[in-house]
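Novice: Using my numbering, read the sequence shown as starting at 175 and increasing by one per residue.
We put the beta carbon where it would ideally sit given N, CA and C, even for glycine.
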Amino acid sequence: MLYGKNLRLRAIEREDIPRFVRWLNDPEVRRFLLMYEPLSRAKEERWFEEHLSRTDEIILA
């Protein structure tokens, strides 16, 4: 975990998935991303599982 005066970053966890799905399906958030279709929880879970197995990157939240 990384700490700063106004910031705390940690590796993503499975419990974050519902929050990510909610954020990524918010039209105000998605309009600034290269995502045009709503994201399903199943798709986000697959993405999470794929990134858990990677050893060359860490996703922080």
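Please classify R182: does DSSP put it in a helix, a strand, or coil?
Specialist: Correct three-state label for R182: strand.
Novice: Going by DSSP, what residue range makes up the alpha helix (DSSP H) through F194?
Specialist: Counting along the chain, the alpha helix (DSSP H) containing F194 begins and ends at 191–198.
Novice: Candidates L176, K217, A185: which alpha carbon is nearest R228's?
Specialist: The shortest Cα separation from R228 among L176, K217, A185 belongs to A185.
Novice: Need the endpoints of the alpha helix (DSSP H) that E219 sits in, please.
Specialist: That run of the alpha helix (DSSP H) goes 215–226.
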